[in-house]
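Trainee: Residue numbers for the sequence shown, in numbering that gives the first Met the number 0: 0 to 333.
All residues carry an ideal CB built from backbone N, CA and C; glycine is no exception.
Quick caveat, the model's predicted, so the values are computed rather than measured.
Below you'll find the structure I mean.
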Amino acid sequence: MAIFRCNQCGYLREVPNQHIGKKVKCPVCQKVTPIYDTLALVKKLLEKYFSMQKEFLRLQKSLPATKISDDINKRGMDIFNTTAMTEQQQYQPILDWFKNKHIQLNVDEDAVDTTGFFDEVAVKLGDNYDLLKVVSDKIKHIQKKGYTNVTLYLSNYNQPEAALINEFCQELYEYAFVAKCFINRSQNKIHLTLQTAQPIVNFFNGEWLEWFAFMKLLAFCHERQMSFAGLRSFHIQFPNNDKNELDTFFLINGVMPIFVECKSGEFRPFIDKYVKLRKRLKMDKKQFFMLVLGLSDEQMQGLTRMFDISFVNEKTFVEQVSVSIVKQVSASIK
Numbered sequence: 000m001a002i003f004r005c006n007q008c009g010y011l012r013e014v015p016n017q018h019i020g021k022k023v024k025c026p027v028c029q030k031v032t033p034i035y036d037t038l039a040l041v042k043k044l045l046e047k048y049f050s051m052q053k054e055f056l057r058l059q060k061s062l063p064a065t066k067i068s069d070d071i072n073k074r075g076m077d078i079f080n081t082t083a084m085t086e087q088q089q090y091q092p093i094l095d096w097f098k099n100k101h102i103q104l105n106v107d108e109d110a111v112d113t114t115g116f117f118d119e120v121a122v123k124l125g126d127n128y129d130l131l132k133v134v135s136d137k138i139k140h141i142q143k144k145g146y147t148n149v150t151l152y153l154s155n156y157n158q159p160e161a162a163l164i165n166e167f168c169q170e171l172y173e174y175a176f177v178a179k180c181f182i183n184r185s186q187n188k189i190h191l192t193l194q195t196a197q198p199i200v201n202f203f204n205g206e207w208l209e210w211f212a213f214m215k216l217l218a219f220c221h222e223r224q225m226s227f228a229g230l231r232s233f234h235i236q237f238p239n240n241d242k243n244e245l246d247t248f249f250l251i252n253g254v255m256p257i258f259v260e261c262k263s264g265e266f267r268p269f270i271d272k273y274v275k276l277r278k279r280l281k282m283d284k285k286q287f288f289m290l291v292l293g294l295s296d297e298q299m300q301g302l303t304r305m306f307d308i309s310f311v312n313e314k315t316f317v318e319q320v321s322v323s324i325v326k327q328v329s330a331s332i333k
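Take a look at the structure:
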């Protein structure tokens, strides 16, 4: 069989061999398109694909981020306990990307140092947020009131849920996120004395979501052995001295930017700010995300249609990033 493929709308169908070489109108968009010999067309497409794949690998090897990301991708490298992300060679491609737009960066290298425990606790909380929010929300609420004691009641949870809450609270104590943790098994309660150190207060006040987004994207790149550069919680300055703080920014394969703004509370007043920032950075909507904690699927879809940025929640944003990368790669080989 021969094949008809419209180069304008992508319409595809098989036709009898006697039509090879003829030009006909596409039944969908009316674009005049030739009918191809299937084997000849497949051969040309494969040649083009392998040629572009070869060029992609060549360019990938020349990227300045490759050495650091290759080091991170080595077996045995613990992304939850490394200073590799703090090296300028790691984030130099991001500096260059912004420099090309005449934008200066103020990088806080401590914000990407994973030798502490902020990253582990953030991922544990984010991966189990539906359940563990009873802990984080209570801590945040009590912190704002200026108190230091929290009591969690476990009688309304089944055994696996109570065990996970218990385990999380003990980890908080082990990593000094709380000053004390007492488990009253007879009354099925957990008593926490809060840590008043400012970094811990900031963590529960929303910074944990930034750590969660950063580590999930870092793990995504690491697991797929991708070349990447990444930064968290840094400031940019435009030529007219306008300043913005960016929560999470990755540059995939040296060319594809991914931006994630994290909101653990009210987000609506900030939508227009980030719509304008996306346009100013000249980024694709599908690569510019507002991660809103607890946002429903219906809200994500509706808000993404309404505004020129993409809305995701803690469960979907990595999947959406992967979709963007696949589409980018697919577009490059068309």
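Can you tell me which of the three DSSP states alanine 39 falls into?
Mentor: Here alanine 39 sits in helix by DSSP.
Trainee: If you reduce the DSSP assignment to three classes, tell me which class histidine 101 lands in.
Mentor: In the structure shown, histidine 101 sits in coil (DSSP, three-state: anything other than H, G, I, E or B).
Trainee: Do you know how far the Cα of glutamine 224 is from the Cα of glutamine 236?
Mentor: For glutamine 236 and glutamine 224, the distance between alpha carbons rounds to 32 Å.
Trainee: Under three-state DSSP, which class holds proline 15?
Mentor: In the structure shown, proline 15 sits in coil (DSSP, three-state: anything other than H, G, I, E or B).
Trainee: In chain order, what residues of the same chain lie with their CB nearer than 6 Å to the CB of leucine 11, ignoring the 5 residues before and after it?
Mentor: Hits under 6 Å: Arg4.
Trainee: Let me confirm a value: serine 118 is counted as buried when at least 16 other C-beta atoms fall within 10 Å, else exposed. Which label applies?
Mentor: The identity of residue 118 in the sequence shown is aspartate, whereas the question assumes serine. Its Cβ being crowded by 16 or more others within 10 Å, aspartate 118 is buried.
Trainee: For isoleucine 138 and phenylalanine 203, I'd like the C-alpha separation in whole angstroms.
Mentor: Near 7 Å, if we compare the C-alpha coordinates of phenylalanine 203 and isoleucine 138.
Trainee: Nearest to serine 154 by alpha carbon, out of Ile164, Thr147 and Gln142?
Mentor: Measuring from the Cα of serine 154, the nearest candidate turns out to be Ile164.
Trainee: When the Cα atoms are used, what is the spatial distance from lysine 132 to leucine 124?
Mentor: Straight-line Cα distance between these residues: approximately 8 Å.
Trainee: What's the gap between the Cα of isoleucine 2 and the Cα of valine 41?
Mentor: If you take the alpha carbons of isoleucine 2 and valine 41, they lie about 10 Å apart.
Trainee: Would you kindly report the start and end of the unbroken beta strand (DSSP E) that includes tyrosine 152?
Mentor: Element bounds for tyrosine 152: 148-152.
Trainee: Just tell me which of Glu173, Ala161 and Ala196 has its CA closest to the CA of asparagine 183.
Mentor: Among Glu173, Ala161 and Ala196, the Cα nearest to that of asparagine 183 belongs to Ala161.
Trainee: If we ignore side chains and look at the alpha-carbon of each, how far apart do glutamate 13 and phenylalanine 258 end up?
Mentor: The alpha-carbon atoms of glutamate 13 and phenylalanine 258 are separated by roughly 42 Å.
Trainee: Just grab the DSSP bridge partners of asparagine 243 for me.
Mentor: According to DSSP, which records beta bridges pairwise, asparagine 243 is partnered with Ile235.
Trainee: Can you give the Cα-Cα distance for asparagine 252 and aspartate 129, rounded to whole angstroms?
Mentor: So the two alpha carbons sit approximately 34 Å from each other.
Trainee: Hey, leucine 94 and valine 106: beta-carbon distance below 9 Å or not?
Mentor: Yes; because the gap between Cβ atoms is below 9 Å, this pair is in contact.
Trainee: Between tyrosine 337 and lysine 188, what straight-line distance do the alpha-carbon atoms span, to the nearest angstrom?
Mentor: Any property of residue 337 remains undetermined from this structure, which presents the chain solely from 0 to 333.
Trainee: How many angstroms separate the CA atom of glutamate 209 from the CA atom of serine 185?
Mentor: Distance between the alpha carbons of glutamate 209 and serine 185 is about 37 Å.
Trainee: Can you find the residues in the same chain that come closer than 7 Å, C-beta to C-beta, to valine 322, ignoring five residues on each side of it along the sequence?
Mentor: Result list for valine 322: empty, nothing under 7 Å.
Trainee: If you follow the alpha helix (DSSP H) that leucine 276 is in, where does it begin and where does it stop?
Mentor: From DSSP, the alpha helix (DSSP H) with leucine 276 extends over 270-280.
Trainee: Is there contact here, the segment 298-308 with the segment 273-282, by at least three beta-carbon pairs under 8 Å?
Mentor: Enough Cβ pairs lie closer than 8 Å, so yes.
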